[in-house]
Amino acid sequence: MINAVGRELPEKIGSYVVKPYAGPSQKIEAEQTVCSRRKPSKRAVAETKLMPDLKAAIQACGLRDGMTISFHHSFREGDHIVGQVLSTIKELGIRGLRFAPSAVVNIKNPSIVDFVKDGTIDRIQASGIRGELGDAVVEGLELAEPVILRPHGARPHAIETGELSIDVAFIGASAADDFGNCTGQVGPNACGSLGYSFIDATCAEKVVVITDNLVPYPCVPISISQMYVDYVVKVDQIGDSAKIGAGAARRTKNPRDLLIAQRAADVMAASRLFKDGYSFQTGAGAISIACTDFLAEHTEKAGIQASYALGGMTANIVEMHKKGLVRTLLCSQSFDAVAARAIVDSPNIIEIDNSMYANMFNKSCALDKLNFGVLGALEIDVDFNINILTGSNGEMMSGIGGGPDVADGADISIVTLPIVRGRIPSVVNKVFTCCTPGSSVAVVVTEAGIALNPKHKSYEMLKEDLQKAGIKTVSIEDLLETAYSLTGVPKPIETTDKITCIVEYRDGTVIDVIRQIKRD
Amino acid sequence: MQTAKLKRTSLYVSGASPINMIQAAFYNEDCLVYDLEDSVPASEKDAARLLVYNTVRYHRPANKYVIIRVNGIYSEYIDEDLEAAVRANPDAIRIPKVEYKEEVIRICQRITEIETAAGMEVGKIEVWCNIESYLGLINAYDIATADPRVVALALGAEDFTASMKSHRTKEGLEIFYARNALLTACRHAGVEAIDAVFSDINDVEGLKEDTALTRNLGFDGKTCVHPRQIDVVNSFFTPSQKEIKYALRVLQAVEEGKLQKKGAVTLDGSMIDKPMELRARTTLAQAEAAGINVGEELL
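Keeping their order, the protein sequence lines are chains A and B.
Residue 209 in the numbering used here sits at position 223 of the first sequence, and the numbers go up by one each step.
Every position in the second sequence, counted from 1, becomes a number in the numbering used here once 1 is added.
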């Protein structure tokens, strides 16, 4: 069958029944109540939650072959928890687990691929599997079923519908007390918001908090409450603080990226929605960080204040807040050390549940009020569809993140990317992997020009506003022609029939699949 | 109708860097200078020449004044550089370290020979001369008037200060005389004057101060050493309302003169010559480039 972005899909992939993507924001009303595996449990007063080591905690949870385990990825490439837990599970001889972190970042020591090869893990679900694991998967790494990739907003939905049912959640925390109250905001390895773990804490059958900073009861602040936590383990090191985020990310000096960032900020400032009380999400890539700076300049010049910034926070968004340019930061993730430690200092920087951020099946989510969302992309095509996962050779370059959620939720979604990267075009005729449908993309900003999507809900408004501001636009076809004139038309990536990844949209439907890359 | 091409900013891009050559076309510089000289190592000269030739000939960026800077007049590369540069058909060829008018005459003759051999329109390619020594400065007027192809002189401050045994400073007092002398020669010769680069790419405030001086002295543009400098420099070449109004009056007088079939046109008692008309068109083009709507009928 063919879905609404023209992707050919089978009706079933193993036991997975494909619900094809059917168009913008397909809200599926469910009859069932929200699923949670959490059980009432009366604890004897003398009974301790503090386990001597990971092995004891895993055994106490009753982890068995075939179960599902989860993690958050807020420690980024500095994470030492995933490796320690999987190594302990392997030692215990438990096999065939479903590995379901919020995302897999590029953890190399130990290698996640090795845990697949030795049978500890045989299924994976995440928002992304960037790095060694992702590359191995698209090359055909043997798993019991294809990897399911979901945007940030879809993961809590999958958990609440029971599609992703978590047996044991392992939650890393930079401070915790012996009853399991914990946070990521303080301690030597602070990672900031634990927004991804709230849903795991409330819905998993067993919850283990892992920290290297055991503090006297009660831990302050409390991000995740003791009432969800079964066991606490103190380990020597939960992460490498230098890799978690050593400081504020430096603003890029790349003139091309600065040009794109400036143009994206100019587009926002030209919009009639750019007024006192506007809201934005800019993100953490090089272009995004620079764009935040330019947006701050526009905001200051206009003498206005944004009502809130959303999603992943960076040092320069915190700086905007301190200058009074944005009233509130709704922080589902902290991208650097400054942002990680800022939450405790200001009552208007709020750690939020990732589900509150982006889950469209909540009674509402914060994205529903967002004016401007800035997104990165690896490729965009003439239908404005976005690929944020796979590179020019089909390799796994990134995770889906919250991009599809932000594009759909924001009034004006702005995709920023260079039209070519090295010898590779970023504007293409058809993206290799569709992650975000073009119908939800308002505008694409490149160094070669700005193209509006005539099919977007904000098209007429934005066209009028940009014309009024004297901002010139080109068509997406013009950008394609420029890109191809520089690089030539790339040869299509050849694949086998084997589906390695299922790419879900924010509504739980399938927007695309990734087939195994054919190599000579 | 003849139009004035803006020359507020000239960005050098190395002929040895394909990535930078691709990206350079997307910035807001008026003039894009593909460099075969200082930025290209000796081992890369052949490859850079071929790359620049192909880029200018077949992938010429739209809406840019395209220049090729060749290697020095006495270098071993100049013959092959000129052969490739002329056949690539840029708007101009930029000659480094010019010191005598005879050098310009010789280069221009060679350009004519190549144009003729290639069946190209003779005389279309313009020439910019870089003035980078005290000798070049002393002879600036002779250089500017050596051949009708010469349309601009550009000051190269680093080599100039070296030839003077002076020290380069951010404030630029050591090149103050050179700036004025070059401008005087250019104005007298009726060619454009391009100011030297501001070298510290991280000092935006310094660049602003330096460009304010560039503009106030009367230069037509400035060479940029990095894309990040372009928008700052361009912003200093936004004409005032008074300048725009005067330019509109000049062009209106020219149009009226044409309608009335007058040979000579005057405004406020002064005759309007071709350079005045071009200057007026440049002023309006600068205003348009800065987003000021001046109306289209006279452009």
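Here a beta-carbon is modelled for each residue, glycine too, at the ideal position from N, C-alpha and C.
Problem - C-beta atoms of S265 (chain A) and K192 (chain A) nearer than 8 Å - result: Against a cut-off of 8 Å, the Cβ pair of K192 (chain A) and S265 (chain A) comes out as no contact.
Practice task
Indicate the three-state DSSP secondary structure (helix, strand or coil) for K263 (chain B) in the structure shown.
Solution key: Residue state, collapsed to three classes: coil.
Problem - Cα-Cα separation between I303 (chain A) and C317 (chain A), rounded to whole angstroms - result: Going by the C-alpha atoms only, they are around 11 Å apart.
Practice task
Answer with yes or no whether the minimum CB distance from P91 (chain B) to chain A is below 8 Å.
Solution key: No, its Cβ sits nowhere closer than 8 Å to a Cβ of chain A.
Handout entry: Test: I245 (chain B) CB closer than 8 Å to a CB of chain A
Key = Not closer than 8 Å to any Cβ of chain A, the Cβ of I245 (chain B) fails to qualify, so no.
Practice task
Give the straight-line distance between the Cα atoms of L448 (chain A) and G435 (chain A), rounded to the nearest whole angstrom.
Solution key: Rounded to the nearest whole angstrom, the C-alpha separation of L448 (chain A) and G435 (chain A) is 15 Å.
Exercise for the section: Can you check DSSP and say which residues form a bridge with R70 (chain B)? Expected result: Looking at the DSSP assignment, R70 (chain B) forms a beta bridge with B:D36 and B:R95.
Practice task
Report the residues of the segment 24 to 53 of chain B with a CB closer than 7 Å to any CB of chain A, ordered along the chain.
Solution key: Of all residues in the segment 24 to 53 of chain B, Q24, F27 and Y28 have a Cβ within less than 7 Å of some Cβ in chain A.
Practice task
Look at the Cβ atom of I503 (chain A), then the Cβ atom of V124 (chain A), and state whether they are nearer than 8 Å.
Solution key: It is a contact, given that the beta carbons lie within the stated cut-off.
Problem - Collapsed DSSP secondary structure at D483 (chain A) in the structure displayed - result: In this structure, D483 (chain A) counts as strand in the three-state DSSP scheme.
Practice task
With distances taken Cα to Cα, identify the nearest neighbour of T481 (chain A) among A:T197, A:R505 and A:P6.
Solution key: With distances taken between Cα atoms, T481 (chain A) lies closest to A:R505.
Handout entry: Beta-carbon proximity of T188 (chain A) to L180 (chain A), cut-off 8 Å
Key = For T188 (chain A) and L180 (chain A), no; Cβs fall outside 8 Å.
Practice task
Would you verify that the beta carbon of G126 (chain A) is, or is not, closer than 8 Å to some beta carbon of chain B?
Solution key: Output row for G126 (chain A): interface = no.
Handout entry: Contact test: A469 (chain A) Cβ vs the ligand NAD heavy atom, cutoff 7 Å
Key = Questions concerning the ligand NAD fall outside what the structure shown contains, since it holds no ligand whatsoever.
Exercise for the section: Please list the partners that R242 (chain A) has in chain B, where partner means a Cβ-to-Cβ separation under 9 Å. Expected result: In chain order: Q24, F27, Y28 and P228.
Practice task
Could you spell out where the beta strand (DSSP E) holding G148 (chain A) opens and where it closes?
Solution key: From DSSP, G148 (chain A) is part of no beta strand (DSSP E); its letter is neither H nor E.
Practice task
In angstroms with no decimal places, state the Cα-to-Cα distance between R45 (chain B) and L156 (chain B).
Solution key: Note on identity: in this sequence residue 45 (chain B) is Glu, with Arg being the wrong assignment. Looking at the backbone, the Cα of E45 (chain B) and that of L156 (chain B) are separated by about 26 Å.
Exercise for the section: Kindly list the residues whose CB is nearer than 6 Å to the CB of S312 (chain A), restricted to its own chain and excluding five residues on each side of it in sequence; keep chain order. Expected result: Reading the sequence as shown, one finds Val at residue 312 (chain A) and not Ser. Around V312 (chain A): A292, A295 and M306.
Problem - Assigned secondary structure, I500 (chain A) (DSSP; H/G/I helix, E/B strand, else coil) - result: Strand at I500 (chain A).
Exercise for the section: For the alpha helix (DSSP H) containing M53 (chain A), list its first residue and its last residue. Expected result: Going by DSSP, M53 (chain A) is part of no alpha helix (DSSP H) at all; its letter is neither H nor E.
Practice task
List the whole-angstrom C-beta distance separating R50 (chain A) from F85 (chain A), where the pair is believed to meet the contact cut-off of C-beta under 8 Å.
Solution key: Beta-carbon to beta-carbon, R50 (chain A) and F85 (chain A) are separated by about 15 Å, too far to satisfy the 8 Å threshold.
Exercise for the section: Consult DSSP for Q223 (chain A) and reduce its assignment to one of helix, strand or coil. Expected result: Note: Q223 (chain A) maps to coil in three-state DSSP.
Handout entry: Residue range of the unbroken alpha helix (DSSP H) whose run includes Y59 (chain B)
Key = Secondary structure note for Y59 (chain B): its alpha helix (DSSP H) is the uninterrupted segment K46 to Y59.
Exercise for the section: Figure out for me which residue from A:A288, A:G178 and A:K454 has the closest Cα to the Cα of T300 (chain A). Expected result: Answer by Cα proximity: A:G178.
Handout entry: Between the CA atoms of V(-9) (chain A) and L218 (chain B) - distance to the nearest angstrom
Key = Answer to the nearest angstrom: the Cα atoms are 59 Å apart.
Handout entry: CB-CB length for I290 (chain A) against K261 (chain A), believed under 8 Å
Key = Indeed they touch by this definition, with Cβ atoms about 6 Å apart.
Problem - Neighbouring residues, chain B, relative to L472 (chain A) (Cβ below 8 Å) - result: Within 8 Å Cβ-Cβ: I23 and H60.
Problem - Beta-carbon neighbours of G408 (chain A), restricted to chain B and to distances below 8 Å - result: I20, listed in chain order.
Practice task
Could you tell me whether any Cβ in chain A is nearer than 8 Å to the Cβ of T292 (chain B)?
Solution key: The displayed chain sequence assigns Gly, not Thr, to residue 292 (chain B). Yes, G292 (chain B) lies at the interface with chain A (some Cβ there is under 8 Å from its Cβ).
Problem - Under the three-state DSSP convention, the category M272 (chain B) falls into - result: Of the three classes helix, strand and coil, the one that applies to M272 (chain B) here is strand, per DSSP.
Exercise for the section: Return no unless some Cβ of chain B is closer than 8 Å to the Cβ of G388 (chain A). Expected result: False, the Cβ-Cβ gap to chain B never drops below 8 Å.
Exercise for the section: Tell me T169 (chain A)'s beta-bridge partners as DSSP assigns them. Expected result: In the DSSP output, where bridge partners are listed per residue, T169 (chain A) has A:A161.
Practice task
Please go through the same chain and pick out, in chain order, the residues whose beta-carbon is closer than 8 Å to the beta-carbon of R520 (chain A), but skip the five residues on each side of it.
Solution key: The structure shown has nothing for residue 520 (chain A), since chain A only spans -13 to 506.
Practice task
Determine the contact status of I224 (chain A) and F61 (chain A), defining contact as a CB-CB distance below 8 Å.
Solution key: Yes, Cβ-Cβ distance for I224 (chain A) and F61 (chain A) is below 8 Å.
Exercise for the section: Give me the Cα-Cα distance between E244 (chain B) and T278 (chain A), rounded to the nearest whole angstrom. Expected result: Roughly 36 Å between the two C-alpha positions.
Exercise for the section: Report buried or exposed for R9 (chain B), applying the criterion of at least 16 other Cβ atoms within 10 angstroms of its Cβ. Expected result: Under this definition R9 (chain B) is a buried residue.
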